[in-house]
Amino acid sequence: LLCRRVSDLWRTRRADLAASSRQVAGVLQSLEEPAEPGAASGSGWEAPSADAAYRWYRRSFDESHGGFGDAPKFPAPTNLDFLLRYARRTGMEDARRMALATLDHMLRGGMRDHLGGGFHRYSTDRFWLVPHFEKMLYDNALIARTLLDACRISGEARYLEAARETLDYVIGRLQSPEGGFFSAEDADAEGEEGRTYVWTLAEILAALGEERGRLFCEMYGVTAGGNFEEGPASVLHAACAGGAAELAERRGESAAAVEDRLRESRRHLLAIRAQRPQPLCDDKVLVEWNGLAISAAARGHQVMGDARYLEAAVAAASFIESRMVIDGRLRRSYREGEARIDGFLEDHASLADGLLDLYEASLDPRWLEWAIRLGREIVDLFWDEERLGFLSSSRHHEELIVRRASFHDGAIPSGNSMASVALRRLAVLTGDARLARPLDRMASAAPRLVKQAPHACSQLLCGVEFTLQSPLEIVVIGPLEDAATRAMIREVHRRFLPSRVLVHASDDAEAARLAAATPLLEGRVALGGRVTAYVCRGRTCRRPVADAAELGAQLDEL
2 LLCRRVSDLW
12 RTRRADLAAS
22 SRQVAGVLQS
32 LEEPAEPGAA
42 SGSGWEAPSA
52 DAAYRWYRRS
62 FDESHGGFGD
72 APKFPAPTNL
82 DFLLRYARRT
92 GMEDARRMAL
102 ATLDHMLRGG
112 MRDHLGGGFH
122 RYSTDRFWLV
132 PHFEKMLYDN
142 ALIARTLLDA
152 CRISGEARYL
162 EAARETLDYV
172 IGRLQSPEGG
182 FFSAEDADAE
192 GEEGRTYVWT
202 LAEILAALGE
212 ERGRLFCEMY
222 GVTAGGNFEE
232 GPASVLHAAC
242 AGGAAELAER
252 RGESAAAVED
262 RLRESRRHLL
272 AIRAQRPQPL
282 CDDKVLVEWN
292 GLAISAAARG
302 HQVMGDARYL
312 EAAVAAASFI
322 ESRMVIDGRL
332 RRSYREGEAR
342 IDGFLEDHAS
352 LADGLLDLYE
362 ASLDPRWLEW
372 AIRLGREIVD
382 LFWDEERLGF
392 LSSSRHHEEL
402 IVRRASFHDG
412 AIPSGNSMAS
422 VALRRLAVLT
432 GDARLARPLD
442 RMASAAPRLV
452 KQAPHACSQL
462 LCGVEFTLQS
472 PLEIVVIGPL
482 EDAATRAMIR
492 EVHRRFLPSR
502 VLVHASDDAE
512 AARLAAATPL
522 LEGRVALGGR
532 VTAYVCRGRT
542 CRRPVADAAE
552 LGAQLDEL
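What the sequence shown shows, in this note's numbering, is residues 2 to 559, in sequence order.
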């Protein structure tokens with residue numbers, strides 16, 4: 002019926018339709034007006050914008066339950082990333098407190114999958130209790146990265162444990178046999194939302210027995226009345242804020258014994274859950290989201306030293322390189338053997354940033370060299386001098402009514418935000434003025450959204466924080482198989498150093514060869530044949546060190 006109506010209008014009122022389409026196109030184009038010349042002078046908008054964002058988060062923070070604003074609550078990990086970086090630069094303890102408190106509420110809530118790992122899409126309430134049960138690759142990748150930073154900042158094992166569970170979920174459920182990461186798992190199974198995930202008291206007791214079952218229900222808030230919709234089913238959540246230690250104290254038992262029983266119960270219930278109808282998997286491989294997952298897995302290896310995470314990141318990057326680069330062009334989407342659609346800004350930028358993390362985890366120069374190529378493609382294909390921003394579509398895409406330049410960070414960081422972060426890192430690594438110039442131009446006419454709503458650009462402001470903190474340039478020369486080299490690298494990886502770049506060469510000859518890609522290696526040698534580390538900030542360098550403890554002391558001082 003609709004098609005017949007459209008056909009009739011096309012025959013009888015074609016001129017009206019054409020006029021209407023021109024009007025709609027005009028409105029869309031007006032929303033993408035170029036930045037006004039001289040809208041901001043110099044680059045002085047960055048620190049005030051970061052301060053304004055912090056003040057917004059402070060006003061909006063939910064002191065009782067964490068997060069910002071009321072229900073529904075989304076994880077928004079880039080908000081927390083910004084707050085952690087802002088706290089590091091300014092010493093504003095309240096920014097750190099808000100970020101960690103929000104993570105703590107998320108970890109205890111039902112949005113976290115306490116049996117299978119990972120996080121559901123968002124919480125329908127302000128308490129982080131009842132989720133929308135969809136699981137997205139990008140959410141879990143971003144949350145895992147934030148948890149790893151929280152662990153490096155605080156030293157608290159609970160963040161590391163949750164990061165490990167989340168990465169294990171991503172690798173176990175979303176990584177394809179070919180290496181790429183699938184996009185999502187549905188919220189429902191057989192048409193019923195949450196069917197896979199919720200439990201009744203009777204089901205728990207039947208599966209675990211009376212004693213273990215009651216212990217589990219006390220820990221995870223399972224009651225006869227339930228907490229999900231109208232029935233007796235419950236969403237699992239950590240009802241004991243103090244975890245197994247609090248529960249053990251209530252019962253007069255040892256925390257280790259209680260945790261052992263809970264761990265075995267979780268394992269048993271997960272096996273039972275695996276027999277239930279399972280949510281469908283969206284098996285598209287999207288480069289943008291895979292870039293985030295590569296970053297998360299690579300950072301997981303950096304912090305935990307677990308080879309599985311490095312292997313997963315390498316497999317995903319290798320898959321994209323071999324299956325999704327066609328005739329030299331990055332494609333966006335892959336499914337059932339076919340790579341489709343030229344890559345957008347978001348794909349190039351997210352992948353470039355992920356490859357930089359993969360390089361710093363593996364120290365394989367192939368990933369650094371690919372990231373540099375992608376950075377140059379971002380500038381060549383997407384930069385728009387009139388709008389002083391990167392457009393989402395490239396010169397290779399078909400002609401559109403309007404080519405957008407978005408700076409808004411929603412559930413996924415915008416292409417401009419990811420490009421800003423990746424290019425800032427690459428500019429320090431390469432010294433290439435072509436990579437830095439767009440960032441200077443972008444800052445010379447600060448986007449209206451940044452000025453009007455800086456909290457809506459949290460990932461963009463993470464890039465700003467990278468520059469405001471004056472990046473550290475860390476170079477290590479020594480064979481990777483040498484224990485002294487590995488100790489040096491661990492000193493870098495175990496610290497929260499959001500404004501740093503790391504480069505490595507196995508020996509003097511490799512340093513000379515790689516200096517063409519990164520001038521940070523020029524003149525760097527292994528002094529006296531020993532593993533040597535160099536730490537610089539701007540044009541000021543500390544004395545080279547051949548001892549991991551001395552490197553750590555320099556990093557702490559800086």
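Cβ atoms here follow ideal geometry from the backbone N, Cα and C, with glycine treated the same way.
With fewer than 16 neighbouring CB atoms inside 10 Å of its own CB, Thr-13 falls in the exposed class. Between Pro-472 and Val-502, the C-beta spacing is below 8 Å.
Between Gly-416 and Asp-126, the alpha-carbon positions lie close to 30 Å from each other. Glu-186 counts as buried, since at least 16 other C-beta atoms from the protein chains shown sit within 10 angstroms of its C-beta. For Trp-290, the secondary structure class from DSSP, reduced to helix, strand or coil, is helix.
Under the DSSP assignment, Tyr-58 falls in the alpha helix (DSSP H) whose first and last residues are 47-61. Note on Val-7: under 16 other CB atoms within 10 angstroms of its CB, so exposed under the neighbour-count rule. When Pro-76, His-106, Arg-109, Arg-495 are compared, the shortest CA-CA separation from Lys-136 is found for Pro-76. Taking all protein chains shown into account, Ser-407 has 16 or more neighbouring C-beta atoms within 10 Å of its C-beta and is therefore buried. Under the 10 Å beta carbon count, Ile-327 is surrounded by fewer than 16 other beta carbons and is classified as exposed. For Glu-339, there is no enclosing alpha helix (DSSP H); the enclosing beta strand (DSSP E) covers residues 339-343.
Assignment of Asp-433 by DSSP, reduced to helix, strand and coil, places it in the coil class. With a threshold of 16 other beta carbon atoms within 10 Å, Leu-2 falls short and is exposed.
Straight-line measurement puts the Cα of Gly-243 at about 15 Å from the Cα of Leu-101. When C-beta atoms of the region 497-517 are compared with those of the region 475-488, three or more pairs fall below 8 Å, so the two segments count as touching. The region 161-179 and the region 227-238 do not touch, with fewer than 3 CB-CB distances between them shorter than 8 Å. Cβ atoms of Leu-352 and Ile-321 come within 8 Å of each other, at about 7 Å.
Contact between Asp-150 and Phe-497 holds, with the beta-carbon distance rounding to 6 Å and staying under 8 Å. Comparing alpha carbon positions, the residue from Glu-386, Leu-346, Asp-509 closest to Val-422 is Leu-346. Short of 6 Å from the beta carbon of Pro-78, and not among the five residues preceding or following it, lie these beta carbons of its own chain, in chain order: Leu-143, Ile-144, Thr-147.
Ala-239 sits buried, since 16 or more C-beta atoms from the chains shown fall within 10 Å of its C-beta. For Met-137, the secondary structure class from DSSP, reduced to helix, strand or coil, is strand.
Selection Asp-169, Tyr-170, Leu-104 evaluated against Ser-155 yields Leu-104 as nearest (Cα-Cα).
Apart from the 5 residues on each side of it in sequence, Glu-247 sits with its Cβ closer than 6 Å to the Cβ of Cys-241 in its chain, given in chain order.
Bounds of the beta strand (DSSP E) holding Cys-537 are 533-538. Scanning the region 462-509 from its first residue to its last, the whole beta strand (DSSP E) runs of 3-plus residues come out as 473-478, 501-506.
Look at Phe-320 here: in three-state DSSP terms it is helix.
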